[in-house]
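A.B. asks: Numbering of the sequence shown is given in our numbering, commencing with residue -11 and proceeding in unit increments. Each residue gets a CB set at the ideal place from its N, CA and C atoms; glycine is no exception. Treat the numbers as computed from the prediction; the structure is a model and nothing was measured.
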Amino acid sequence: MGASSICPSSMQPEKTLDFADVVEFKLDEGKLKHDQAFASAETLPVDNQANAVPEQSTNEELNAAQVAVAVLGSDTAATLNGQINHYQTISKDEEIMKILMHIGNGISFSATGMQKYVGYWDKHKLLWNQDNQAFIRRYAKANRPLQQFRADIERYREQQQNIQNKDLTNTINFMQVDTNLLKASLSEHTVQWIAKLTGLLNQIAKDELYELLHMLKKRSEKLGVKPTKLNHLAESIRLLQVLKENLPHLSSRFKPLEKKYELLSEFDCQGIDEEIRDLQNLKVQREAYELMISEANTMLQKCKLVMKQQLQDTLMELNTIMSMSDLRSEADSSLPYNAEVDSISAQKALMDFDTKLKSTKARQAAMKTGLEIYLDSKKSNTKALHKWNETF
């Protein structure tokens, strides 16, 4: 038999077998031998077949396990049953561990960036965290000036503009944050705050507007009635004097009211068209009110002269008919003071005198009520009333 030479070109590089190759090879080899043993067992007697195959198969598996342990060591022997420990495999790979470390650092850094980004929106926290109903109640009780309303409404409008100008999306490392819903919610909160403030201002302006309209109407109606009695004349003259004194204060209320509605129109407050028309009507009624005061003054002066003459005539009539001294004399002479007068006559005399006395006192009281309008000063008023009490 001749020897064959192997040239260098025909030599194959040495192959390094890993654990999977060894296991696969040994298992295939064991399976092949198992099949051969099973085939040869078919020629054995029936009594020997039951013991032949299991014994040979068990021996082949043990041989495969011994080879695997010898090649890879005892640490990987547990993998023969398919229980591969991936953590041990990965933890021994330096490149994989570096990648995992970079991934962990990236997640931690991104979480920190996300927290900072979320913290940026905390400056708008009062928009959703503060009770706007309770705030408006306190705001109304504080009776804020119009400049404060303007400053607060403009602040919320500026805040709304800043929110809307922010980008819809923001990228933090490998994460993209969508703030569309957040911006929409915050913008809605600013709209609600603006609506609360403008609503409060509108309610204040509306109450003041209709209070002025009602007051002008009632006072004009009251002074427009011509007095027919002395007490009515006195009441109308006192009211006219009060209105004349309060006219500068009343005029000072119109300009601030107009500014309130100018501010409401500037901030596009809805539902105030009718109030604007009533505000224009208020200007007309104000001019009519001032004219009414002048006309009422003229009318009351005329009524004062007419009733002065009537008062003098009444005084003369009272003096002519009977004075209080005459009534006293009549009482002394005609009223029953002894038992000679029967009870029925005495009762009738008392009732007649009581009726006459009440009538006289009522006429005196009616004249006394309006007497002060003819007095020039408080001092003369006191003297005249004292003289009246002495006379009557």
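What are the boundary residues of the beta strand (DSSP E) that Asp81 is part of?
C.D. replies: Element bounds for Asp81: n/a, residue is neither H nor E.
A.B. asks: List the endpoints of the continuous alpha helix (DSSP H) containing Asn120.
C.D. replies: That run of the alpha helix (DSSP H) goes 120 to 129.
A.B. asks: How would you label Lys248, buried or exposed, when you count the other beta carbons within 10 angstroms and need 16 or more for buried?
C.D. replies: Label assigned to Lys248: buried.
A.B. asks: Does DSSP put Asp266 in a helix, in a strand, or in coil?
C.D. replies: Three-state DSSP puts Asp266 in a helix.
A.B. asks: Using 8 Å for Cβ pairs, my map puts Leu174 next to Ile124. What's the rounded Cβ distance?
C.D. replies: At roughly 19 Å, the Cβ-Cβ gap does not stay under 8 Å, so Leu174 and Ile124 are not in contact.
A.B. asks: Any idea what DSSP makes of Asn161, helix, strand or coil?
C.D. replies: Three-state result, Asn161: coil.
A.B. asks: Closest by CA to Ile361, which one among Leu293, Lys243, Ala172, Ala222?
C.D. replies: Minimum Cα distance to Ile361 is reached at Ala222.
A.B. asks: Contact between the stretch 218 to 236 and the stretch 283 to 299 is defined here as three or more beta-carbon pairs at a separation below 8 Å; is this criterion met?
C.D. replies: Judged by Cβ distances under 8 Å, the stretch 218 to 236 makes contact with the stretch 283 to 299, as three or more pairs qualify.
A.B. asks: Starting from Asp110 and walking both ways along the alpha helix (DSSP H), at which residues does that stretch end?
C.D. replies: Asp110 -> no alpha helix (DSSP H), and no H or E assigned at all.
A.B. asks: What is the rounded straight-line gap between the Cα of Thr277 and the Cα of Lys271?
C.D. replies: Note that residue 277 is Tyr in the sequence shown here, rather than Thr. The straight-line gap from Cα to Cα measures roughly 10 Å.
A.B. asks: Applying the 10 Å Cβ sphere with the 16-neighbour rule, what's the burial state of Leu200?
C.D. replies: Buried.
A.B. asks: Does the distance from the CB of Leu338 to the CB of Leu315 come in under 8 Å?
C.D. replies: Cβ atoms of Leu338 and Leu315: not closer than 8 Å.
A.B. asks: Measuring alpha carbon to alpha carbon, tell me which residue in Gly212, Ile260, Tyr144 is nearest Cys291.
C.D. replies: Considering only alpha carbons, the answer is Gly212.
A.B. asks: Can you name the start and end residues of the alpha helix (DSSP H) that Ile192 belongs to?
C.D. replies: Residues 168 to 212.
A.B. asks: Quick check: the Cα distance between Ala66 and Asp155, rounded to an integer number of angstroms?
C.D. replies: Only weak support is given to the placement of Ala66: the predicted model assigns it a pLDDT of 45, under 50, and the question is left unresolved by the model.
A.B. asks: Helix, strand or coil: which one does DSSP assign to Tyr249?
C.D. replies: Tyr249 falls in the helix class under three-state DSSP.
A.B. asks: Have a look at Ser96 and Asn161 and give me their C-alpha separation to the nearest angstrom.
C.D. replies: Rounded to the nearest angstrom, the two C-alpha atoms are 11 Å apart.
A.B. asks: Helix, strand or coil, according to DSSP, for Tyr362 in the structure here?
C.D. replies: Three-state result, Tyr362: helix.
A.B. asks: Please classify Tyr75: does DSSP put it in a helix, a strand, or coil?
C.D. replies: Residue state, collapsed to three classes: helix.
A.B. asks: How would you call Arg265, buried or exposed, if buried means at least 16 neighbouring beta carbons within 10 angstroms?
C.D. replies: Result: exposed.
A.B. asks: Helix, strand or coil: how does DSSP classify Gln258 here?
C.D. replies: Gln258: coil per DSSP, three-state reduction.
A.B. asks: Enumerate in chain order the residues of its own chain whose CB-to-CB distance from Leu197 is below 7 Å, with the five nearest sequence positions on each side excluded.
C.D. replies: Cβ neighbours of Leu197 beyond the five flanking positions: Leu245, Glu263, Asp266, Leu267, Leu270.
A.B. asks: For the structure I just gave you, are there three or more beta carbon pairs, one from the stretch 166 to 180 and one from the stretch 103 to 123, closer than 8 Å?
C.D. replies: Touching, per the Cβ criterion.
A.B. asks: Determine the direct distance from the alpha carbon of Glu318 to that of Met304, and round the result to whole angstroms.
C.D. replies: If I take the Cα positions, the gap works out to 20 Å.
A.B. asks: In chain order, what residues of the same chain have a beta carbon less than 8 Å from the beta carbon of Gln164, not counting five sequence neighbours either side?
C.D. replies: Counting only Cβ-Cβ distances below 8 Å, and skipping sequence neighbours, we find Thr157, Asn158.
A.B. asks: Quick one, which of Ala284, Asn168, Asp330 has its alpha-carbon nearest Glu153's?
C.D. replies: Residue identity differs from the one stated: residue 153 is Asn in this sequence, not Glu. When each option's Cα is compared against that of Asn153, the closest is Asn168.
A.B. asks: Identify whether Glu233 lies in helix, strand or coil by the three-state DSSP scheme.
C.D. replies: Helix.
A.B. asks: Are the Cβ atoms of Thr178 and Phe255 separated by less than 8 Å?
C.D. replies: Their beta carbons are not under 8 Å apart, which means Thr178 does not touch Phe255 by this criterion.
A.B. asks: Quick check on Ser224: buried or exposed, where buried means 16 or more other Cβ atoms within 10 Å of its Cβ?
C.D. replies: Ser224 should be labelled buried.
A.B. asks: Taking all protein chains shown into account, decide if Ile141 is buried (16 or more other Cβ within 10 angstroms of its Cβ) or exposed.
C.D. replies: By the 10 Å Cβ count, Ile141 comes out buried.
A.B. asks: Do Leu134 and Leu251 have their C-beta atoms closer together than 8 Å?
C.D. replies: In contact: Leu134 and Leu251 (Cβ atoms closer than 8 Å).
A.B. asks: Nearest to Glu274 by CA position, among His74, Ser253, Asn73, His202, is which residue?
C.D. replies: First, the amino acid is wrong: residue 274 is Arg here, not Glu. The residue with the shortest Cα to Cα distance from Arg274 is His202.
A.B. asks: With DSSP run on the structure shown, which of helix, strand or coil describes Lys271?
C.D. replies: Here Lys271 sits in helix by DSSP.
A.B. asks: In angstroms, rounded to a whole number, what distance separates the CA positions of Tyr75 and Tyr105?
C.D. replies: Those two C-alpha atoms are separated by around 35 Å.
A.B. asks: Between Ala128, Asp195, Asp166, Asn234, which has its C-alpha nearest Ile281's C-alpha?
C.D. replies: When only C-alpha atoms are compared, the closest one is Asn234.
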